[in-house]
Each structure stands twice: as structure tokens, then as C-alpha cells.
Amino acid sequence: MAEEIERKYLIDPARWQRPESGIKIMQCYLVRSQAMTLRLRLADEKAFLTIKGPTCGITRSEFEYEIPRQDALNMLKEFPVSNSITKTRYYTQVGSYRWEVDVFAGENSGLYLAEIELPAADAEFELPDWVTQEVSNDRRYRNAYLAEHPYKEWEK
């Protein structure tokens, strides 16, 4: 079993230096339940099918498989979904860890999230100065939730 240990943060986009290039991502949620989430991701010219288990703290099981892009497009035709998100992912090295910064588009535009995957829940890491608030345990900032409840619809 693969295990994902991840912490998630809001960032201040004015203090973050955006890299020159990022990866355009569209994520569709084929199944979402208490027990698992089945996600289809199109990332530039690649496609992935991912199964995620329930979250326990900052840890969850994750199984991700690269699939042919055409298969992913066929799945979207066969199983149309209305719950999707679009974003651009940028990678930033901070200390010995690579951070992923997602800049959301569409109904989630205005949202910037940074994630760091860790080898252990208690691993120490350097927190960049552009990070503003940890949201690892706030389910509203999970991509599957954002697909159903877009950021633009939240009461601020």
C-alpha cells in the first residue's frame, strides 16, 4: 500500500515567486465517498487514475497509476462528470523538500494552495515565508471538496 503524508497551506501570492512554467491540470472525480475517492487527472500530455483512502490526520492511502491519455478521454465520454477542478501546478524547492503550489482557475480562481509531501508525519521541514496558514485538516481545501463546493461560492 502506498501512503501519502502531506501538509497543505494557504499562501500569500504577493510574496511567492512564481516559476516560469507550470503544469496545467484538470482533475475529475468519478467516485467520492467516505471510504475512498477515485480521481482522473489530466496533466499536460499525461493522464493518471488515482484511488485515495480516507484521511487520518495528514496521512492517507494512495494508489496512482499512469494511464494512456486517450483512455482518460474515453472515460470522460463514457462516465461524464460535473465535479472537476482546473489548476496550474508549480514546483518550488525549499530546503531539502519540493513544494507544489497550485494556482486554481475557473470557479476556484483566487485560491493558492501549497503542499509538501513528507517521509513521516513528524518530519521537520523549512516553512517558506510565503506560507500564511496551515489547512491540512480543513476538508474544504481538499480538491475533491473544491470540485463540488467551489471556492468562489464560499462565504468569506
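Counting in numbering that gives the first Met the number 0, the sequence shown runs from 0 upward without gaps.
A virtual CB, placed ideally from N, CA and C, is assigned to each residue, including glycine.
R88 and I22 closer than 8 Å at C-beta: yes
To the nearest angstrom, report how far apart L112 and Y8 are at their CA atoms. 6 Å
Could you name the residues that DSSP lists as bridge partners for W98? Partner(s): T91, I115.
Do we get a CB-CB distance below 8 Å when we pair M35 with the residues of chain C? This model lacks chain C altogether, as it is built from one protein chain only.
Output yes or no for whether 8 Å exceeds the beta carbon distance between L37 and I50. yes
For E152, does the three-state DSSP call read helix, strand or coil? helix
Starting from R68 and walking both ways along the alpha helix (DSSP H), at which residues does that stretch end? 68 to 77
May I ask you to list the residues that DSSP assigns as paired with E61? K51
DSSP bridge partner residues for Y25 (one or two, in chain order): For clarity, residue 25 is Met in the given sequence; the question names Tyr instead. Secondary-structure assignment with DSSP links M25 through a beta bridge to L41, T85.
Taking N142 as the reference, give the member of E116, F124, I84 with the closest Cα. Out of E116, F124, I84, I84 has the C-alpha closest to the C-alpha of N142.
Would you check if the distance between the CB atom of M74 and the CB atom of L41 is smaller than 8 Å? Going by C-beta atoms, M74 is not nearer than 8 Å to L41.
Can you tell which of H148, K45, Q132 has its C-alpha closest to the C-alpha of R139? H148
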